[in-house]
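Asks: Just passing along the structure, written as structure tokens.
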Amino acid sequence: MSNRLLQCKCVGARLVSRAVVAMVDRVRLLLRDCAAKNILLDAALPLLLVPTLGWCAAQGVWTSIVVFTSLPLALVYAHFICARTHSQTKFFAVWALISIILIFLVFELIVVKMLEIRQDENYCFYLLTFLLGACVYKTKVLAASARLNNDVKYSEALLREFDMMCPVCRKSVPSRTFHCHICHSCIIKRDLHCAWLDCCIGETNHYWYMLSLLTLICQLTLCSNLILTTACHPFVVWGSIMLPDDCTDVYFDIIYAICFVTAIYCVLCVVFALSLLCHEAWLISLGVTGHEWRQMSHAWGSCLGLREPRPFSKGFLGNWALFFKGPKMTSSSQTV
């Protein structure tokens with residue numbers, strides 16, 4: 001083809017189309033390699049950032065204030081940008097995994113070694129950690145069950161009472177099924193795409209997602225309280241329950257400082273997880289999914305969704321009964 005161009009000869013349409021296809025294939029391979037490198041970079045970045053920021057926060061009071069003030073803002077902003085651009089990233093999932101691993105290692109290798117933790121408290125921490133891992137595993141495994149990966153014929157859609165069509169992938173879907181631009185699939189009763197678990201939350205795994213949040217709150221609350229009562233001067237509240245009283249001298253020893261900033265990090269994570277749990281509980285009470293909630297107007301006077309139209313709501317008790325009853329996974333919905 002290059003020889004024909006240099007000699008000013010006519011180039012056939014077939015040859016031009018072949019050249020264009022070859023160029024498109026090469027560009028696609030280049031973009032795929034770049035995307036793979038970006039995903040690897042996103043996954044590797046928390047391995048460096050989490051321990052480095054923890055070490056910096058343990059250097060003094062002001063560094064702790066700077067780190068724990070800027071870190072939540074930076075993570076929320078990064079999460080907002082990724083959700084806005086529908087970016088597929090492993091950054092937040094790896095960040096959550098590294099955080100849990102480092103918290104566990106600090107507790108077991110430093111706090112327990114100080115001989116301030118009773119054996120039953122350590123067993124309780126082990127149990128909550130195991131339950132957290134089991135709930136997260138079930139959440140991720142069941143996430144695939146809510147996906148509709150294959151198209152449905154029009155006749156089958158009528159028989160299965162499918163009454164919607166996805167505007168993105170152009171296939172018939174059940175009601176309350178929405179497309180996830182990150183997973184690139186339709187999710188039954190899609191609530192949200194959880195970047196911290198790297199999966200969509202829908203009808204099949206919503207229950208386990210709530211259990212994961214509840215277990216995480218219990219584990220980190222226990223961990224932060226045990227660390228603070230070990231690193232700081234505690235006082236007895238009732239029986240064997242203690243709370244930290246004076247933490248002014250924790251920065252004089254780097255080991256105690258690491259324990260202290262780990263406990264503060266646990267408290268921040270508890271606040272974040274508790275806000276998510278309360279938000280999900282409110283959505284269940286309203287009888288709406290997270291996707292439907294984001295499509296509401298949220299105008300003044302809507303009373304946080306109480307005055308918004310909610311055609312699928314069964315009332316407060318009915319909505320919670322449906323939640324605990326679990327998904328109605330019929331054979332037709334599984335084989336879509």
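The numbers in UniProt numbering rise by one with no breaks, and the one at position 146 of the sequence shown is 146. Cβ coordinates follow ideal geometry from the N, Cα and C atoms, glycine included.
Got a sec? Which residues, its chain only, sit under 8 Å from L276 by beta carbon, not counting five neighbours each side?
Replies: So the qualifying residues of the chain are L213.
Asks: What is the rounded straight-line gap between the Cα of A321 and the Cα of I254?
Replies: If I take the Cα positions, the gap works out to 50 Å.
Asks: Relative to the C-alpha of C135, which candidate in M210, E280, S70 has its C-alpha closest?
Replies: Taking only the C-alpha atoms, the option nearest C135 is M210.
Asks: Tell me which same chain residues have a C-beta within less than 7 Å of the C-beta of L216, skipping the five on either side of it?
Replies: Taken in chain order, the residues that qualify are L132, A273.
Asks: E121: which of T221, L197, I65 sits nearest, CA to CA?
Replies: Of the listed residues, the one whose Cα sits closest to E121 is T221.
Asks: To the nearest angstrom, how far is the alpha carbon of H184 from that of A263?
Replies: Approximately 38 Å between the Cα atoms of the pair.
Asks: Am I right that K189 and T289 are in contact with their C-beta atoms under 8 Å? What's the rounded C-beta distance?
Replies: With a Cβ gap of about 5 Å, K189 and T289 count as contacting.
Asks: Under a Cβ-count criterion, where at least 16 other Cβ atoms within 10 Å of its own Cβ denotes burial, should W293 be classed as buried or exposed?
Replies: Buried, by the Cβ-count rule.
Asks: In the DSSP assignment, the alpha helix (DSSP H) including H291 goes from what residue to what residue?
Replies: 290–294 is the extent of the alpha helix (DSSP H) around H291.
Asks: With DSSP as the reference, please indicate the residues paired to C124 in a beta bridge.
Replies: Answer by DSSP bridge pairing: none, since C124 is not bridged.
Asks: For the alpha helix (DSSP H) holding L317, just list the boundary residues, first then last.
Replies: Its alpha helix (DSSP H) spans residues 316–325.
Asks: Are the beta-carbon atoms of W196 and A43 separated by less than 9 Å?
Replies: Their beta carbons are not under 9 Å apart, which means W196 does not touch A43 by this criterion.
Asks: Identify the continuous alpha helix (DSSP H) that holds H79 and give its terminal residues.
Replies: Note, H79: alpha helix (DSSP H), 61–85.
Asks: Based on the DSSP secondary-structure assignment, which residues constitute the bridge partners of V173?
Replies: BP columns for V173 point to M164.
Asks: Taking the alpha carbon of I98 as the point to measure from, which residue in L53, V173, A257 has its own alpha carbon closest?
Replies: Nearest of L53, V173, A257 to I98, Cα basis: L53.
Asks: What is the rounded straight-line gap between the Cα of A257 and the Cα of S297?
Replies: In a straight line, the C-alpha of A257 is about 46 Å away from that of S297.
Asks: Would you kindly report the start and end of the unbroken beta strand (DSSP E) that includes S185?
Replies: Counting along the chain, the beta strand (DSSP E) containing S185 begins and ends at 185–188.
Asks: Short of 6 Å in beta carbon distance, which residues of its chain neighbour Q88, apart from the five on each side in sequence? Order them along the chain.
Replies: Excluding residues within five positions, the ones whose Cβ falls inside 6 Å are I182.
Asks: May I ask which residues mark the beginning and end of the beta strand (DSSP E) holding C199?
Replies: Here the beta strand (DSSP E) through C199 covers 199–201.
Asks: In this structure, does DSSP put C135 in helix, strand or coil?
Replies: Helix, per DSSP.
Asks: Is the distance from the Cβ of F104 to the Cβ of T139 below 9 Å?
Replies: No, the Cβ-Cβ distance between F104 and T139 is not below 9 Å.
Asks: Am I right that I187 and A146 are in contact with their C-beta atoms under 8 Å? What's the rounded C-beta distance?
Replies: I187 to A146, Cβ: 5 Å. Contact.
Asks: Give the DSSP-derived three-state secondary structure of F92 in the structure shown.
Replies: Looking at F92 - three-state DSSP - the assignment turns out to be helix.
Asks: Is D249 buried or exposed, if buried means 16 or more other CB atoms sit within 10 Å of its CB?
Replies: Its Cβ having fewer than 16 others within 10 Å, D249 is exposed.
Asks: Around the C-beta of S64, are 16 or more other C-beta atoms found within 10 angstroms, so that it is buried, or is it exposed?
Replies: S64 is buried by the Cβ-count criterion.
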